[in-house]
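Have a look at the structure below before the remarks.
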Amino acid sequence: MSAIQVHELTRDYNGLRAIDRISFTVEEGEIFGFLGPNGAGKTTTIRVLTGQLRPTSGTAQVAGCDVVQERQRLKPRIGVVFEVQNLYERLSARDNLVFAARLYGTPKRRVDQLLAQVGLADRARDRIKNYSNGMKQRLLIARALLHQPQVLFLDEPTRGLDPNVAREIRSIIARLAEQGVTVFLTTHYMEEADRLSDRVAIIDQGRIVALDTPHQLKAIHGEEGNSTLEDVFIKLTGRYLGQAGYEQ
Amino acid sequence: MSSSRARFLEAARVILAITLKDLLDTVKDRKLLPVLAAVLLMIALFRLLPVMRAGDTPTLAVVDSGRSTLLDQWVDSSQFGLRRMSSQEEMEFFLGGEETAVLGIVLPPDLDQQVNEEVVIDLDGYLDHWVGDSDVEEIRSFYEAQLAALTGRTVRIQVHNDVAFTHPRGFLPVTTSFLMVYALVVVGLMVAPSLMIEEKELKTMDALLVSPAGAGQIVIAKALTSLLYCLLAGALVLAASAALVIHWDIAIMAVFGGSLFTVSLGLLLGAALNLRQQLIIWSAILMFPLFIPVIASEILPDIGAPALVQQAVSRIPTVAVAEATRWALSADVPQAQIDSGLAVTVACAIALLAAVAWVVRRSDS
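Chains as they are written, first to last, in the working numbering: chain A, 44 to 291; chain B, 53 to 417.
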């Protein structure tokens, strides 16, 4: 059974078409990379799939729940790591997770398990505002995993992190997939998408312009034998990373 | 377990989780301290006013139905000021309106005769109910000595301070009511919207909305946290005025109704605004329509405003809370008027809460 099924999904936003009749499926335990320039519709897609925004038309099912009709049933089945590090800065890491555990009705022993799993057990009682970006990101992943969701949405999880921390985050994501968690990942790091994703969709101006395994995308759209995913991206979107508004 | 019961328990768990988090967060938020400090400062200031006047020459209110010639001597006393009252009712009303303890005495019609017969003079004295025992004794001794010196006779004053006077527009009831409205408005308009705006500024609201928490549950939890702080502020005002309060049920209803109203208004601000800077501006603007009617309700009877206008103003929630607080400090109470005023306040609060839920739900979809 597919973890995510999207059919002809459209969302208009302030008179503009943010996503335009996109369709795809994500299988259980798959890491699905969702790539696109800034403003291509990545975050809007996540917001619709997590029930934060209603689609203008089309349907989407996540973890067996319709994202519009069964929003409450959907909520405990998904975990979301947002693009911004939205934590309660005055509280400690542990307090943040205890709060999330109370919200989801999760046993508190999971808090300590997760803190240990993301390597924050030693700093669990420190206030978040004293944390580095990398520590905050690990905590966000811990919070999203606390209630053992079936599908994890990660919106630019390594953005702005130094290479070592980004590598740690990638290894956490890889481990999650091994444990059977379905991961929906948006990133602008092509190498990251290439290395982590089982399949990749490239979205541009609200439309999916390519969807396949990284290997196949490179084979079909690459012009040379050693084409990278970035080459494919540039060819399909017609833009270099700098033009697409990316930070490197 | 039935599904409706399970849903209720889940909603209760979510509301409790958010409330506990907000309580912990606000305790750690140093921005809350100045708000509570401002309330405490105002309480101290209002309570210091009577103390600052305590050094003035004390006043003696006298009911002299027998038109005693002795009063001409008393008027000249440098130790106290004399206020002649035409009746005991007028005297009690006067005593009830004073900010300091004022002794009222009722002279017997045959006072001059008693003085001539060289008997001990027994007088009935009256003090407001909130005057403490040690002050009663001090005031009694002072006037017994003063009047003995002026009459050349032994004077004994039997002080009655077990009866509360009715003067809802006296200094202490009015200042206490202003203080109550100030405390509830300041805390309600600062704490409640901050709880909402901070969730939006930090984008933690997004995390809440993908969690099992619904828009309504978030609003209820924020309302509960803010209510606790508002009730705390109201309790501080009542604690500082505990000796004045006669009707605790009315006082508590005023605190609860007022808190509910200001918290609901604060939450609506928080739901509509996105930045703390906007909140500071809007809170300052809202203070005027909330406070001015309270002051106006004091002035309108004096300038002979039409009854309809006075009645309409008394239905404004902050005015209703102020009036209920004042009456809680008075002996005789117009219960129906208080009940209807507070009922309007609670109804306004419910309407505001519904508006908050609508705004949050709209932004949620």
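Even glycine gets a Cβ: it sits at the ideal position worked out from N, Cα and C.
Exposure of residue i, with buried meaning 16 or more beta-carbon neighbours within 10 Å
{"i": "B/THR109", "result": "exposed"}
{"i": "B/PHE313", "result": "buried"}
{"i": "B/THR78", "result": "buried"}
{"i": "A/ARG213", "result": "buried"}
{"i": "A/PRO206", "result": "exposed"}
{"i": "B/TRP300", "result": "exposed"}
Which of helix, strand or coil DSSP assigns to residue i
{"i": "B/PHE132", "result": "coil"}
{"i": "A/ALA287", "result": "At A/ALA287, the pLDDT of 43 sits below 50, so the modelled position is not reliable and the matter cannot be decided from this model."}
{"i": "B/GLY204", "result": "coil"}
{"i": "B/ALA380", "result": "coil"}
{"i": "B/ARG221", "result": "coil"}
{"i": "B/ALA275", "result": "helix"}
{"i": "A/GLY177", "result": "helix"}
{"i": "B/THR111", "result": "strand"}
{"i": "B/ALA406", "result": "helix"}
{"i": "A/ILE74", "result": "strand"}
{"i": "B/ARG192", "result": "helix"}
{"i": "A/VAL243", "result": "strand"}
{"i": "B/LEU61", "result": "helix"}
{"i": "A/ARG166", "result": "helix"}
{"i": "B/ILE298", "result": "coil"}
{"i": "B/GLY149", "result": "helix"}
{"i": "B/LEU155", "result": "strand"}
CB contact below 8 Å: residue i versus chain B
{"i": "A/ILE184", "result": "no"}
{"i": "A/PHE227", "result": "no"}
{"i": "A/ASN81", "result": "no"}
{"i": "A/PHE13", "result": "With chain A covering only 44 through 291, there is no way to say anything about residue 13 of chain A."}
{"i": "A/TYR56", "result": "no"}
{"i": "A/LEU189", "result": "no"}
{"i": "A/LEU134", "result": "yes"}
{"i": "A/VAL252", "result": "no"}
{"i": "A/VAL69", "result": "no"}
{"i": "A/VAL243", "result": "no"}
{"i": "A/GLN104", "result": "no"}
{"i": "A/PHE125", "result": "yes"}
Integer-rounded CB distance, given that residue j should sit under 8 Å from residue i
{"i": "B/TYR178", "j": "B/LEU224", "result": "B/TYR178 to B/LEU224, Cβ: 16 Å. No contact."}
{"i": "B/VAL408", "j": "B/LEU320", "result": "5 Å"}
{"i": "A/GLY223", "j": "A/GLU71", "result": "7 Å"}
{"i": "A/LYS261", "j": "A/VAL275", "result": "6 Å"}
{"i": "B/MET137", "j": "B/VAL167", "result": "Actually they are not in contact, since the Cβ atoms of B/MET137 and B/VAL167 sit about 21 Å apart, beyond 8 Å."}
{"i": "B/VAL207", "j": "B/GLU196", "result": "5 Å"}
Residue-chain proximity (residue i, chain A), Cβ-Cβ < 8 Å
{"i": "B/PRO264", "result": "yes"}
{"i": "B/LYS73", "result": "yes"}
{"i": "B/ASP81", "result": "yes"}
{"i": "B/THR256", "result": "yes"}
{"i": "B/VAL87", "result": "no"}
{"i": "B/ALA69", "result": "yes"}
{"i": "B/LEU76", "result": "yes"}
{"i": "B/ALA328", "result": "Note on residue identity: the sequence assigns Arg, not Ala, to residue 328 of chain B. Chain A, which has no Cβ nearer than 8 Å to the Cβ of B/ARG328, makes this no."}
{"i": "B/ARG65", "result": "yes"}
{"i": "B/LEU317", "result": "no"}
{"i": "B/LEU261", "result": "yes"}
Boundaries (first-last residue) of the beta strand (DSSP E) holding residue i
{"i": "A/VAL123", "result": "121 to 124"}
{"i": "B/ASP176", "result": "173 to 178"}
{"i": "B/ASP164", "result": "No beta strand (DSSP E) holds B/ASP164; the alpha helix (DSSP H) holding it covers 163 to 168."}
{"i": "A/GLU70", "result": "59 to 70"}
{"i": "A/VAL252", "result": "250 to 255"}
{"i": "A/ARG54", "result": "45 to 56"}
{"i": "A/THR102", "result": "100 to 105"}
{"i": "A/THR225", "result": "225 to 229"}
{"i": "A/LEU197", "result": "194 to 198"}
Residue i: first and last residue of the uninterrupted alpha helix (DSSP H) it sits in
{"i": "B/GLN362", "result": "359 to 366"}
{"i": "A/ASP155", "result": "152 to 160"}
{"i": "B/ILE332", "result": "328 to 351"}
{"i": "A/ILE212", "result": "206 to 221"}
{"i": "A/VAL91", "result": "85 to 92"}
Contact with chain C by residue i, beta-carbon distance below 8 Å
{"i": "B/ALA275", "result": "Among the protein chains in the structure shown, which are A and B, there is no chain C."}
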